[in-house]
Amino acid sequence: DAGVTQSPTHLIKTRGQQVTLRCSPKSGHDTVSWYQQALGQGPQFIFQYYEEEERQRGNFPDRFSGHQFPNYSSELNVNALLLGDSALYLCASSLQGVWEQYFGPGTRLTVT
Amino acid sequence: QKEVEQNSGPLSVPEGAIASLNCTYSDRVSQSFFWYRQYSGKSPELIMSIYSNGDKEDGRFTAQLNKASQYVSLLIRDSQPSDSATYLCAVFSGTYKYIFGTGTRLKVLA
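Protein chains in written order, with our numbering: chain U, 46 to 157; chain F, -9 to 100.
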């Protein structure tokens, strides 16, 4: 039973660039949420996707956008990168109606 | 006031002791509550979920929920050095939004 997978593992970008992170949910899951975790902090909710629609969003600017595909996989896009976007980006999947979330290994983004 | 509050620690307990981790939340309509364990450099791992008032036990872990006091806790019995990690409390608000606390760092001393 495959767990949540994310790619890439690490990424280094320059200020102003754009980045795309990818996530495949755990087998049988249909809902994907994205989080940003800064060092020493808890994960901060970015948004959640279900049925290819964004149905809830945290306090993140429009530079953060996403997509969910028919196979339930998802992408997180961040435009105009800032130094403060450096963090661990986590994807979590769950099944609609069952609210336990399972996290992927994360993508470490460094913006220089 | 933060939506989900945890003492950042570190909480130090001797091996074999009971570790008690606490979490308070502000949104009274919160429905579901979760505890995650996060080792340094790794992603959070779900260890307990609780949805109704009272206690829920799973092996060495017991989660306790008191919705009237807006309080959820995690007890770890017979603590082992391998339990040393950051424990994150998460609250599901019912509007498809999960709020995490900043985590409590637990150190189990051998």
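The beta carbon of each residue, even a glycine, is placed where N, CA and C say it ideally should be.
- Contact annotation: the segment 30 to 49 of chain F touches the segment 140 to 155 of chain U, with at least three C-beta pairs closer than 8 Å.
- Contact between Gln93 (chain U) and Tyr86 (chain F) holds: their C-beta atoms lie close to 5 Å from each other, under 8 Å.
- Rounded to whole angstroms, the separation of the alpha carbons of Asn124 (chain U) and Thr157 (chain U) is 14 Å.
- Within a 10 Å sphere around the beta-carbon of Pro115 (chain U) sit fewer than 16 other beta-carbons, which makes this residue exposed.
- In chain order, Leu36 make up the part of chain F whose C-beta sits under 8 Å from the C-beta of Tyr147 (chain U).
- Within the model, the alpha-carbon separation for Lys58 (chain U) versus Glu99 (chain U) is close to 26 Å.
- For Leu1 (chain F), the secondary structure class from DSSP, reduced to helix, strand or coil, is strand.
- A distance below 6 Å between beta-carbons, with the five flanking residues on each side excluded, links Tyr15 (chain F) to the following residues of its chain, in chain order: Val(-6), Gln60 and Val81.
- Residues of the same chain with a CB within less than 7 Å of the CB of Gln141 (chain U), apart from the 5 flanking positions on each side, are Asp75, Thr76 and Tyr95 in chain order.
- In the DSSP annotation of this structure, the continuous segment of the beta strand (DSSP E) that includes His55 (chain U) starts and ends at His55 to Lys58.
- For Lys87 (chain F), the chain U residues whose C-beta falls within less than 8 Å of its own C-beta are Phe90, Gln93, Gln101 and Gly103, listed in chain order.
- Spanning the alpha carbons of Val49 (chain U) and Ala75 (chain F) requires a straight line of approximately 21 Å.
- Shown in chain order are the members of the segment 131 to 143 of chain U whose Cβ falls below 7 Å from a Cβ of chain F: Leu135.
- Within chain F, the C-beta atoms nearer than 7 Å to that of Gln86 (chain U) come from Thr92, in chain order.
- Under the DSSP assignment, Ser138 (chain U) falls in the beta strand (DSSP E) whose first and last residues are Ala132 to Leu140.
- The beta carbon of Ala83 (chain U) sits closer than 7 Å to those of Ala132, all from its chain and outside the five residues before and after it, given in chain order.
- By the C-beta density criterion, Gln70 (chain F) is exposed, having fewer than 16 other C-beta atoms within 10 angstroms.
- Annotation: Cβ neighbours of Ser39 (chain F) in chain U (cutoff 7 Å, chain order): Glu145.
- By the beta-carbon neighbour count (other beta carbons within 10 angstroms, threshold 16), Tyr29 (chain F) is exposed.
- Look at Gly73 (chain U): its C-beta is not under 9 Å from any C-beta on chain F.
- Relative to Leu64 (chain F), the option among F:Pro4, F:Ala9, F:Pro0 and F:Glu5 whose CA is nearest is F:Ala9.
- The Cβ-Cβ distance between Ser118 (chain U) and Ser78 (chain U) does not fall below 9 Å.
- The beta carbon of Pro150 (chain U) sits closer than 9 Å to some beta carbon of chain F.
- When secondary structure is reduced to three states using DSSP, Ser72 (chain F) falls in the helix class.
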